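Residue numbers (the numbering used here): 33 to 304.
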């Protein structure tokens, strides 16, 4: 890719800024820009939604540039600031979750550095050339493979965990087959996969928060999600997913420009 070649010739910090600059120029022209602004207005009463979304495009531009330079960035471990929790001994792998927040593409880097095998569920891109390019880049982090979101069943993920392999899920966007629970104060369709497979396998769930620091460096926080088991499966799932939505909401309220606002998360409110 021409852009990738151009960015590879630049220092990492400059390449990241160039990515932000390019997306800032074109973000407002993207079809989903108006939807994203509408979402911010729906959730917040006192924010400049256009500024939030402009900064969101800048963050996405940085993410894309940094993903293209992934191999180069991974050679510089000092950019990643983290202390892994003690995950303990278990007969199954762990479930790691994150949101489309900050640079989510790099959420599993600390695990990779520490030799913890990790796979991820990802969404295919329609363009096969770009999809294959990004797939190969992501394999630098996800050494035990990637699962296509639309082709992977919960049972496959359960088998993966039972083989003592870990998995990362991004579970903050719209899910048609999910449950309707609050997210950022509004009812939202929410996926249940993390809760379902945790209850099936006994796996622990950890949320990974990535915070972008200055000069293309990243700070990590790991938050364990309580696994509720009270005999009622549906209530247990709802409680776990409520906890996850609440954690994501805290991140977004603290730094709304770092979240991806373009998806149709609140379909009922959007149709009013």
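We put the CB at the ideal spot given by N, CA and C, even for glycine.
Just so you know, these numbers come straight off a predicted model, no measurement behind them.
For residue i, verify whether its CB is less than 7 Å away from any heavy atom of the ligand FAD.
| i | result |
| --- | --- |
| residue 226 | The ligand content of the structure shown is nil, which means the ligand FAD is not present either. |
My output table needs one value for residue i: the three-state DSSP class, helix, strand or coil.
| i | result |
| --- | --- |
| residue 258 | coil |
| residue 206 | coil |
| residue 174 | coil |
| residue 42 | coil |
| residue 235 | coil |
| residue 180 | strand |
| residue 34 | helix |
| residue 58 | helix |
| residue 291 | strand |
| residue 229 | helix |
Out of curiosity, what's the CA-to-CA distance linking residue i and residue j?
| i | j | result |
| --- | --- | --- |
| residue 35 | residue 54 | 11 Å |
| residue 261 | residue 98 | 40 Å |
| residue 243 | residue 57 | 24 Å |
| residue 282 | residue 133 | 12 Å |
| residue 186 | residue 229 | 7 Å |
| residue 91 | residue 286 | 15 Å |
| residue 180 | residue 162 | 15 Å |
| residue 72 | residue 84 | 8 Å |
| residue 142 | residue 248 | 15 Å |
| residue 79 | residue 215 | 18 Å |
| residue 271 | residue 127 | 17 Å |
| residue 42 | residue 120 | 41 Å |
| residue 62 | residue 96 | 16 Å |
| residue 93 | residue 47 | 10 Å |
Taking buried to mean at least 16 other C-beta atoms within 10 Å of its own C-beta, is residue i buried or exposed?
| i | result |
| --- | --- |
| residue 208 | exposed |
| residue 25 | Outside the shown range of the chain (33 to 304) lies residue 25, about which nothing can therefore be said. |
| residue 227 | buried |
| residue 157 | exposed |
| residue 38 | exposed |
| residue 219 | exposed |
| residue 151 | buried |
| residue 277 | buried |
| residue 137 | buried |
According to DSSP, which residues form a beta bridge with residue i?
| i | result |
| --- | --- |
| residue 113 | 251 |
| residue 219 | 214 |
| residue 244 | 250 |
| residue 307 | The chain is shown from 33 up to 304; residue 307 falls before or after that span and cannot be answered. |
| residue 151 | 199 |
| residue 130 | 202 |
By Cβ distance below 7 Å, which residues in the same chain neighbour residue i in space, the five residues on each side in sequence not counted?
| i | result |
| --- | --- |
| residue 139 | 130, 200, 240 and 242 |
| residue 258 | 275 |
| residue 184 | 153 |
| residue 67 | 294 |
| residue 44 | 101, 104, 105 and 248 |
Give me, in chain order, the residues of the same chain whose beta-carbon lies closer than 6 Å to that of residue i; leave out the 5 immediate sequence neighbours on both sides.
| i | result |
| --- | --- |
| residue 81 | 69, 72 and 73 |
| residue 253 | 241 |
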